[in-house]
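Per numbering that gives the first Met the number 0, the sequence shown starts with residue 0, numbered consecutively. We treat Cβ as the ideally placed atom computed from N, Cα and C, and that holds for glycine.
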Amino acid sequence: MDTTNIRLSLPSKGRLQDDSMNFLAECGLSVQKLNPRQYQAVVPALPELGIIFQRPGDIVVSVRQGSVDFGITGIDVLEEKRGDNGDILVLHDALGFGHCALKLAVPESWMDVTDIPSLKKYSATLNSPLRVATKFPVLTERFLNRHSIPHTTISAEGTLETAPTIGYADIISDLVSSGQTLQDNRLRALRDGLIQPSQAALIANRKTLETNPNALEMARRLLEYIEAHMRAKENLLVIANMRGENPEAIANKLFTQTSVGGLQGPTISPIVTRESNQGWYSVSVVVRRDHLPQAIGELRSVGGSGIIVSPVTYIFEEEPPRYTAMLAELRK
Ligand code: AMP
């Protein structure tokens with residue numbers, strides 16, 4: 000098969016590029032750049048997949064047009080540029096990195112403007128519509144229209160945060176991560192000024208999935224790795240020794256506890272001791288990472304000892320749930 004037959008586009012620079020590459024590596028899909036300056040790469044685990052690097056907004060456009068089959072990019076640029084004809088299918092909308100939010104922010108000196116109602120009141124006192132500098136005119140206009148605030152958007156590249164100080168806009172609509180940039184520029188996000196929450200997403204061209212079985216199979220494999228990894232990351236494998244009459248008696252003790260039931264139920268295997276009939280068993284359960292202290296306490300309370308905890312690399316379901324959801328979406 001031609002190695003560029005199916006293509007996945009990744010962000011070409013910055014944190015989103017590093018985070019995408021690290022995320023795919025954690026999923027078992029390490030990306031290898033053949034040459035650090037080249038805008039192409041391969042994934043040895045998926046030889047049929049070609050990787051290219053593009054700016055996050057261009058990824059959306061390429062996937063929409065079908066020149067690229069899959070993309071990982073931010074929901075912010077996806078929602079700004081996806082259009083309304085359903086050419087793009089979102090296969091996974093929460094990859095767990097690249098978090099930020101598109102927010103409306105006003106100069107700190109606007110003491111009385113803290114939320115949308117007070118912005119609306121203030122804008123009514125201006126002689127002309129509110130001037131809003133943004134790299135997201137579609138989302139920003141939709142938001143301001145929904146709140147019936149007269150405005151003009153000023154599309155800007157580069158740093159927007161200085162626009163109110165320089166004077167070519169009154170307020171801005173910009174991506175905020177830590178909030179440091181707003182603070183440095185004496186701007187303040189409005190309490191209810193969240194236009195679009197965002198994190199990285201996996202997207203695909205709908206028509207390609209409908210017509211190319213190889214692309215559909217690639218979607219299944221990408222989601223298989225991603226979901227198995229993301230599910231595993233939330234969990235730990237806990238192994239404990241316990242004494243009991245038989246496996247059922249031990250399982251019944253465990254079922255009285257809430258955190259140690261396992262995915263289906265506990266795996267209980269006999270431990271072969273030097274002296275016979277000691278009644279020792281090894282119990283393995285998958286436990287949610289945030290339930291670990293509780294699970295250890297519960298295992299101890301029913302006689303667990305020698306407790307071992309290990310990370311889980313993958314948890315494979317019968318079929319990745321998001322693949323099932325994608326098939327349902329394609330049938331619509
Ligand atoms: P911060 O100071 O952490 O709130 O980051 C805000 C600055 O980083 C602004 O200039 C944003 O345009 C930019 N920024 C934050 N998050 C992202 C993101 N996920 N993608 C692109 N730019 C971002």
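Residue 241 sits in a strand when the DSSP states are folded into three classes. For residue 270, the CB contacts under 7 Å within the same chain, skipping 5 residues up- and downstream, are 240, 279, 280, 281 in chain order. The beta-bridge partner set that DSSP reports for residue 322 is empty. In terms of Cα proximity to residue 286, the closest of 275, 300, 257 is 257.
DSSP, read as helix, strand or coil, puts residue 91 in strand. Setting aside the 5 residues that flank it on each side, residue 311 is surrounded in the same chain by 231, 234, 236, each with a C-beta closer than 6 Å to its C-beta; the list follows chain order. For residue 254, the enclosing alpha helix (DSSP H) begins and ends at 246-254.
A distance below 8 Å separates the beta carbons of residue 320 and residue 226. By DSSP's assignment, residue 83 forms no beta bridge with any residue. For residue 262 and residue 193, the gap between their C-alpha atoms comes out near 37 Å.
When the five nearest sequence neighbours on each side are left out, the beta carbons in the same chain lying within less than 6 Å of the beta carbon of residue 309 are those of 236, in order along the chain. The residue among 264, 268, 35 with its C-alpha nearest the C-alpha of residue 52 is 35. In the structure shown, residue 309 adopts extended strand secondary structure according to DSSP, grouped into three states. The residue among 222, 144, 162 with its C-alpha nearest the C-alpha of residue 316 is 222. Judged by the Cβ position, residue 28 fails to qualify as a neighbour of ligand 1 at the 7 Å threshold, every heavy atom of the ligand being at least this far.
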